[in-house]
Every structure is written in C-alpha cells, then in structure tokens.
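Position 87, counted from 1, in the sequence shown is what this note's numbering calls 243; the numbers after and before it change by one each time, with no gaps.
Built from N, CA and C at the ideal position, the CB exists for glycine as well.
All values derive from a computational prediction rather than experimental measurement.
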Amino acid sequence: MTSKPTTLPAYARSSINHCNLPAVILGGLTYQKHPVPLMIDGAMEFHRQLFRSLDEIDEASVRAVHFQDYMSSSFLLDHKDRAGFDAESQRVRRGKADYLRLLRGWMFDSDSIEGAVLKRWVESRFGLLTRNHRGPLRDFESSAYHAYQADFVRGLYNTNALEAQLDLLYSYCQYELRRRFPGQQHWSLYRGINRLESYDEVQPLADNRMMVLLNNLNSFSSDREHACAFGDSVLTAQVPLPKLLYFYDLLPGILKVEREFLVIGGVYEVESASY
C-alpha cells in the first residue's frame, strides 16, 4: 500500500506548464477541496473580443452557435486551404482535424489518436503527465510510451493550431460554467471501473472512501446508472469545476447522450461502490 497521496507524486507531473498554478498544486488533494480558477496563459486575453460579445447574449444555445462560428473563422476550419493545407501533398491524411473531431474521437475511444492529442494537451497546459494510454505508461523508454508519442504526433501533424483550439475550448467551457452555475465549485460525477488496482495510487479511507491518482484526462458522467454500465464498481467524485475541459451540455450534439464530462486528473478523494 502506498503512502497517502495528498500531493501529486513527482512521477505524475511536469515542472513546466502553461497556466496560473503549478502542477503540484492543481493536481493535489487540497485543490480538489478548495479550487480556484485555472487560466491558460494568454487564452482569455487573446480572445477577449469573443468573451465580450458572449456577455451580450442571454441564451446558452445562442452563445454556443456564436462560439462555434468564432472557432470556424478564427482557425479557418471551413477553409483549410487558406491555412496552408494541401490535400494532394499530404502523406498522412489529416481530414477535418479540429476540436470537434477530437471530442468525437474521445467519445468513441479515449485511447484513440484523438485521445492521445487531448492527453498531450493536458500535459502541456497543466503539467499533469499521461499515466495511461492503451495501457499503463510507467517508463519513458518503453514501447507503450513510444506508441503514445507516435499517436499524439500523428494527431497533431499539420493541423491548424489544434492545441490553441483546445485552449479556447477550455476557456469557453469555464466561461459557460461561471455563467450557468454562479457560485458552484464542484459537480458530483461518476466513473465506472473494473480494476481499481490498475490506478497508480490507492489509499483507503473510512466509509468506502479512498484517494486515487487519476489519469490526466478522464471520462465521467453525471448519470450514475450510465456509469454502472462501464464497470462493476463506480467511483463518485466531487470534481472542481475548473477541472472540466468539457461537459455534455456545452455544445449541441457532442457527448450529450452519455451525459459525459471530460475531467482533468490528479489526486482525488472518491467514494467507491460495487454493483
């Protein structure tokens, strides 16, 4: 049994990130209990005009359309040739590689190429290292880690500022959470699992509670019954809102049926129940 993982272990974090708190702080148990806003370097400032215009729109559904239009125009998503994309010259087919494709790819398989790009983005922006992609990642020299690297490099190859698209998606998600749920700090979310021992750190507490080290990006649901379909045990976590990259009602038609949330990882106190 490992020691009590109240702080993020050194092997699960980078010393460099691109937000206002270091990984050792935002990835620890204290942050889960007492969250503060997380700001990606430059994202809100660079796109301040978008958020000013969103301030003038009362309906969330209309804001979502405005956001998607802004993404399309800012990153030339409907005119990839103007962004330098030449389909005839590509050895690797990029297709429509954008933030929406990443979300849909994650929905079908979190260990996909799209999943690798999302996990790599969390590493870069928040300093939380990927601990699982198609299996445990424990050694930077292992074939498993090299396969993970190959996935995210392929996913990022010749895309149009894909990580910057995710910066803005996260910033918009946080903006919407503040507007729709003012004053709320946590969301009770559920994750179905089969093998608790597959997690790096597990420290039992009282009353079926424990502390675990989650992967740097995870799927949770606000529907307990849906989570039950993915394992014989369900973890319940009080997830800080600043650790949400995406929630099911943010954009129309994306992750909606599953009531899915993309949760940034670290050390969490959770409750475990078997079904």
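Rounded distance between the beta-carbons of residue j and residue i, thought under 8 Å
i      : j      : result
Ala179 : Leu164 : 6 Å
Phe376 : Tyr346 : 6 Å
Thr286 : Tyr313 : Not really, about 18 Å apart at Cβ, beyond 8 Å.
Leu407 : Leu333 : With 8 Å as the limit, Leu407 and Leu333 do not qualify as a contact, their Cβ atoms being about 13 Å apart.
Tyr404 : Glu416 : 5 Å
Tyr111 : Leu325 : The structure shown does not extend to residue 111, since the chain is modelled only from 157 to 431, so the question has no answer here.
Arg281 : Asn173 : 6 Å
Cys384 : Gly348 : 6 Å
Ile213 : His222 : 6 Å
For residue i, the three-state DSSP class (helix, strand or coil)
i      : result
Glu232 : Contrary to the premise, residue 232 reads as Leu rather than Glu in this sequence. Coil, per DSSP.
Arg347 : strand
Arg238 : Low local confidence applies: a pLDDT of 46 at Arg238 is under 50, so the model's placement there is unreliable, and no value is given.
Leu411 : coil
Arg169 : strand
Met227 : helix
Pro396 : strand
Ser245 : Residue placement at Ser245 is poorly supported in this model, since its pLDDT is 48, which falls under 50; the coordinates still yield a value, given next. It is helical.
Arg365 : strand
Gln330 : helix
Val358 : strand
His289 : coil
Ser375 : strand
Asn176 : coil
Leu406 : coil
Leu370 : strand
Leu401 : strand
Leu391 : strand
Thr163 : coil
Met157 : Any answer about Met157 is weak, because its pLDDT of 42 lies below 50 and its placement is not dependable; what the coordinates show is given next. DSSP places Met157 in coil when its eight states are reduced to three.
Boundaries (first-last residue) of the beta strand (DSSP E) holding residue i
i      : result
Gly422 : 416-430
Bounding residues of the alpha helix (DSSP H) (the contiguous stretch that carries residue i)
i      : result
Ser209 : 204-211
Tyr255 : 255-264
Phe308 : 299-312
Gln188 : 185-189
Glu270 : 269-282
Arg380 : 380-384
Within 8 Å, strictly: CB atoms of residue i and residue j
i      : j      : result
Val390 : Val419 : no
His289 : Asp267 : yes
Asp388 : Asn364 : no
Gly261 : Gly271 : yes
Phe421 : Leu370 : Per the sequence presented here, residue 421 reads as Gly, with Phe not at that position. Yes, they are a contact pair.
Gln341 : Pro191 : yes
Ser299 : Ile196 : no
Leu411 : Met263 : yes
Ile269 : Arg219 : no
Leu367 : Leu185 : Sequence inspection shows Met at residue 367; the Leu mentioned does not correspond to that position. Yes, they are a contact pair.
Asp356 : Ala168 : yes
Glu279 : Ser170 : yes
His382 : Glu414 : yes
Spatially closest choice to residue i from the options, by CA coordinates
i      : options                        : result
Leu373 : Tyr328, Leu259, Gln341         : Leu259
Arg276 : Phe264, Leu322, Leu256         : Leu322
Ser428 : Ala393, Tyr404, Tyr187         : Ala393
Ser149 : Asp356, Met200, Ala317, Ala362 : With the chain covering 157 to 431 only, the question about residue 149 has no answer from this structure.
Gly198 : Gln359, Val413, Leu352, Glu319 : Glu319
Gln114 : Leu182, Val426, Glu201         : Here the chain has residues from 157 to 431 only, and residue 114 is not among them.
Ala253 : Phe386, Thr315, Phe231, Leu210 : Thr315
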